[in-house]
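Report on the structure given below.
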Amino acid sequence: MVIKSFIYAILLISTLIYFVPIANIQDKENKKEIPLVSFNNSTMYTLNEQTVTKIVNSKKASRFETKDIMYEGNFILKANDKKVKNATDYVSADVIIKQKEEFTFINNVKFRRDNFMTLNTQELFYNDKTKIARNTIYFSGTYYNHKLNGTNLYLDMNNEIMKSKNSHFEIDITKN
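Positions 1 to 176 (full-length UniProt numbering) are the ones given, in order, by the sequence shown.
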């Protein structure tokens with residue numbers, strides 16, 4: 001009787017195991033995303049009907065399924081500055097990650113608008129659609145001859161609004 005119930009138990013367990021789906025156990029962290037295309041020393045131009053609006057240079061660029069990664073990249077953007085005609089923005093970083101409309105600039109991030117505004121930081125998040133740049137860590141920069149630094153930068157390129165936490169401004173009041 002014990003052998004008979006043991007055999008029925010094994011049959012029942014094997015039947016259940018047969019019909020229970022077994023997930024493919026692959027560690028997703030070990031699965032490395034492979035680039036679809038890679039470029040070395042690349043340059044990309046973005047054009048509209050009148051002019052070039054954006055130039056992107058990089059030492060190495062890789063396109064993945066969900067993102068683009070550029071190393072030692074430089075952006076040259078046409079700025080919409082109401083006070084300065086034909087203003088140009090320059091942004092460079094060691095690593096640039098683009099996901100949809102969001103750019104993430106990492107390590108040695110340098111932002112410059114013509115010759116009157118500079119920002120230096122280790123990270124910068126930029127939305128290409130809303131034209132808003134922000135960061136969460138320390139930054140330093142200049143506006144004309146005035147020095148500024150702080151944390152949690154918010155820079156609205158369209159409305160020319162700049163905000164930050166823990167800000168410190170040094171205004172040069174000497175006349176030349």
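All C-beta atoms in this analysis are idealised placements derived from N, C-alpha and C, irrespective of residue type, glycine included. Because the structure is a prediction, the values reported are computed rather than measured.
So, at 8 angstroms on beta carbons, what are the nonlocal neighbours of residue i in its own chain, with the 5 sequence-adjacent residues on each side left out?
{"i": "Ile-106", "result": "Ala-93, Asp-94, Val-95, Ile-96, Ile-97, Gln-122, Glu-123"}
{"i": "Met-162", "result": "Leu-153, Tyr-154, Leu-155, Asp-156"}
With 16 other CB atoms within 10 Å as the buried threshold, where does residue i fall?
{"i": "Tyr-126", "result": "buried"}
{"i": "Phe-6", "result": "exposed"}
{"i": "Phe-169", "result": "exposed"}
Expressed to the nearest angstrom, what Euclidean distance is found between the alpha-carbon atoms of residue i and residue j?
{"i": "Asn-40", "j": "Val-84", "result": "35 angstroms"}
{"i": "Thr-46", "j": "Lys-32", "result": "31 angstroms"}
{"i": "Phe-75", "j": "Lys-165", "result": "26 angstroms"}
{"i": "Tyr-8", "j": "Pro-21", "result": "22 angstroms"}
{"i": "Leu-153", "j": "Phe-139", "result": "8 angstroms"}
{"i": "Asn-159", "j": "Lys-131", "result": "9 angstroms"}
{"i": "Asn-4", "j": "Phe-19", "result": "One detail in the question is off: residue 4 reads as Lys in this sequence, not Asn. Their backbone Cα atoms lie some 23 angstroms apart in a straight line."}
List the endpoints of the continuous alpha helix (DSSP H) containing residue i.
{"i": "Val-84", "result": "Run containing Val-84: none; DSSP gives neither H nor E here."}
{"i": "Phe-6", "result": "2-19"}
Go through its chain and collect everything with a Cβ distance to residue i's Cβ below 7 angstroms, but skip five positions before and after it.
{"i": "Glu-72", "result": "Ser-58, Lys-59, Asp-94"}
Would you kindly report the start and end of the unbroken beta strand (DSSP E) that includes residue i?
{"i": "Lys-54", "result": "52-63"}
{"i": "Tyr-143", "result": "139-143"}
Just list the residues that DSSP pairs residue i with in beta bridges.
{"i": "Ser-42", "result": "Ser-58"}
Given residue i, which residues of its chain have a CB within under 6 angstroms of its CB, disregarding the five upstream and five downstream residues?
{"i": "Asn-149", "result": "Ser-140, His-168"}
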